[in-house]
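Per this note's numbering, the sequence shown starts with residue -5, numbered consecutively. Encoded as structure tokens, the structure appears first; notes follow it.
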Amino acid sequence: MPDNINAEIVAIGTEILLGEITDTNSVFIAKALRDIGINVFFMTSVGDNENRIANAIRIAMSRANVVITCGGLGPTIDDMTRQSVAKATDRGLTFHQPLLDAIAERFSGFRAQMTENNKRQAYLPDNATVIENPVGTAPSFIVEHNGHIVISLPGVPREMKFLMNERVIPYLKEHYNLGGGLIKAKILKTAGIGESLLDNEIGTTLLEMSNPTVGLAAHAGQVDVRITAKADTEAIADEMIASVELQIRQRVGKFIFGIDNDEIEDALVKLLAANGLTLAVSETGVGDPVGQHLKRVTGNEAVFIKQEIYDSPASVQRAIGLDTLPPIRELAEKVAETICQTNYASAGIAVISRPDMDDQHADSEGGTAIAVYTPNGTRSRVYGFGGQGETAATWVSTWAMSMLWQMLQEKIST
């Protein structure tokens, strides 16, 4: 398998930069390239401006063998990919009557009227290779330029995915004689340890390897350890990954709760069930994100024995019989202990969030608190964001479940 075939993905569209849409196309393309052994070191997003798109493509060609653009192939005036690729590769545009005929035929099949601006889609960079698009009206193309390849795909996800799988991947495999080469990854999911400490525990010897590579990605309450191997066959890649995984597990295995698509709620329910333990949960001011996650796990009914939901800190304060409203962290700790003990559960989780606060107060304290209680002790965290924003529901669920999973792991292993 040839070494060091690199690609860069250029996502085109002002709507991406404005935050109006999420660029899932680049993620799909990157995974497709990974699976045939092509490295992706850069992803670029650029708005609908001909000069900026052309410049982004030039920069991409300066550091990658393959540049794949996505978007900007429609009929409107702000669809500028065709002319931008032409400018970046120092060539003009050529009109293709067969392309226009194919577009007209598709419109006829839709019983729709093709407009004059669709004629723009029949212009491609000089000497471009046409990629027929049987699932849409946006013609795609390949331009070979000074040892580099520029491939332009439509931004409509259904069309992009079809063309990537059915046209682009076969072309790249043949062009670079990739054969069965591939890049394979495995993710070890950890909880109860921060990214810095995990980095230190794994050590530079593993983290600085070139093949397989080991990388860390921090999320709310957990850190992913990704092992990526490049090999000629899947079996060889699996062997390479297994060797590194064994070393990582020897160093930080007690923090690993799952692999790849495993979720912390699955690991928590499994751990509770395996040890005959039960859980009670109280959530205030933020809906029931913890409860929703737990209820999606098969078999949760045996361990998730109690759920309470309140609309404000004051309401849960009254429910547990406190005369005054304490600081939010102290309140969460008291609620976690109370719901655990009154329901004879093995553990209690409490989430307290101020429903009138949003994410704009993230640098202050007292917007949201989580607490986890077991008869062996209590752990808690406090955040600035409140229940009115989107952050609280995401963070509190994973953090709370990760904290409890780690507390139980520590107790069971002693």
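All C-beta atoms, glycine included, are put in the ideal place defined by N, C-alpha and C.
Terminal residues of the continuous beta strand (DSSP E) containing Val129? Segment: none, Val129 is in no beta strand (DSSP E) and carries neither H nor E.
Which residues bound the alpha helix (DSSP H) around Pro151? Pro151 to Leu157
Under 8 angstroms, do Tyr117 and Leu157 count as touching if we go by C-beta distance? Contact flag unset, no.
Give the secondary structure of Arg348 by DSSP, where H, G and I count as helix, E and B as strand, and everything else as coil. If DSSP states are grouped into helix, strand and coil, Arg348 belongs with coil.
According to DSSP, is Leu266 part of a helix, a strand, or is it coil? helix
What does Met37 pair with, by DSSP beta-bridge criteria? Ile3
Give the secondary structure of Leu288 by DSSP, where H, G and I count as helix, E and B as strand, and everything else as coil. helix
Tell whether a beta-carbon distance below 8 angstroms holds between Ala24 and Phe36. The answer is no: Cβ separation not under 8 angstroms.
Start and end residues, alpha helix (DSSP H) containing Lys167: Note, Lys167: alpha helix (DSSP H), Ile163 to His169.
Any idea which residues DSSP pairs Thr372 with across the strands? Beta-bridge partners assigned by DSSP to Thr372: Tyr367.
What's the C-alpha gap between Ile250 and Asn159? Distance between the alpha carbons of Ile250 and Asn159: 34 angstroms.
With 16 as the cutoff for other CB atoms within 10 Å, does Asn294 come out buried or exposed? buried
So, do the stretch 269 to 279 and the stretch 293 to 309 have three or more beta carbon pairs nearer to each other than 8 angstroms? Yes, they touch.
Would you check if the distance between the CB atom of Val137 and the CB atom of His90 is smaller than 8 angstroms? no
Judging by CA-CA distance, which residue of Ile177, Val219 and Ile181 is the nearest neighbour of Gly414? One cannot answer for residue 414 here, as it falls past the ends of the chain, which runs -5 to 408.
Quick one: complete beta strand (DSSP E) runs, 3+ long, within the stretch 192 to 247? 207 to 213 and 216 to 225
Beta-carbon contacts of Gln413 that lie in its chain and below 6 angstroms, excluding the five residues immediately before and after: Absent from the model: residue 413. The displayed extent of the chain is -5 to 408, so no value can be given.
Would you tell me roughly how many angstroms separate the C-alpha atoms of Val291 and Ile145, rounded to the nearest one? Cα atoms of Val291 and Ile145: separation of roughly 42 angstroms, rounded to the nearest angstrom.
Taking the beta carbon of Arg57 as the centre, do at least 16 other beta carbons fall within 10 Å, making it buried, or is it exposed? exposed
Count the other CB atoms, across all protein chains shown, that sit within 10 Å of the CB of Gln115; report buried if there are 16 or more and exposed otherwise. buried
Which residue marks the beginning of the alpha helix (DSSP H) containing Pro307, and which one marks its end? Pro307 to Ala313
Glu302 in three-state terms, based on DSSP: Three-state result, Glu302: strand.
Buried versus exposed call for Val162 [16 or more other C-beta atoms within 10 Å across all chains shown]: buried
Apart from the five residues just before and just after Asp357, which ones in its own chain have a Cβ nearer than 6 angstroms to its Cβ? The pLDDT assigned to Asp357 is 46, lower than 50, so where the model puts this residue is not dependable; a value taken from the coordinates is nonetheless given after this. If we look at Asp357 and ignore the five residues flanking it on each side, its Cβ neighbours are Gly378.
Answer yes if the stretch 331 to 348 comes into contact with the stretch 362 to 380, meaning at least three C-beta pairs across the two stretches below 8 angstroms, and no otherwise. yes
Taking Ile143 as the reference, give the member of Val246, Ala212, Ala82 and Gly215 with the closest Cα. Ala82
How far does the beta strand (DSSP E) with Phe22 in it extend, from its first residue to its last? It is not in any beta strand (DSSP E) - Phe22 instead sits in the alpha helix (DSSP H) that spans Thr18 to Arg28.
Can you grab the Cα-Cα spacing for the pair Ala394 / Arg375, in whole Å? Here the C-alpha atom of Ala394 lies approximately 9 angstroms from the C-alpha atom of Arg375.
Range covered by the alpha helix (DSSP H) that runs through Val79: Thr75 to Ala82
Please report the Cβ distance between Ile221 and Val246, rounded to the nearest whole angstrom; I am assuming they are in contact, meaning their Cβ atoms lie under 8 angstroms. Wrong, their Cβ atoms sit about 13 angstroms apart, outside the cutoff.
In whole angstroms, give me the CA-to-CA distance for Ala48 and Ser78. 5 angstroms
Taking only three categories from DSSP, how would you classify Ser340? coil
What's the gap between the Cα of Asn43 and the Cα of Glu153? Between the alpha carbons of Asn43 and Glu153 lies a distance of about 23 angstroms.
With DSSP collapsed to three states, give me the class of Glu277. strand
DSSP beta-bridge partners for Ile181? Answer by DSSP bridge pairing, in chain order: Arg220.
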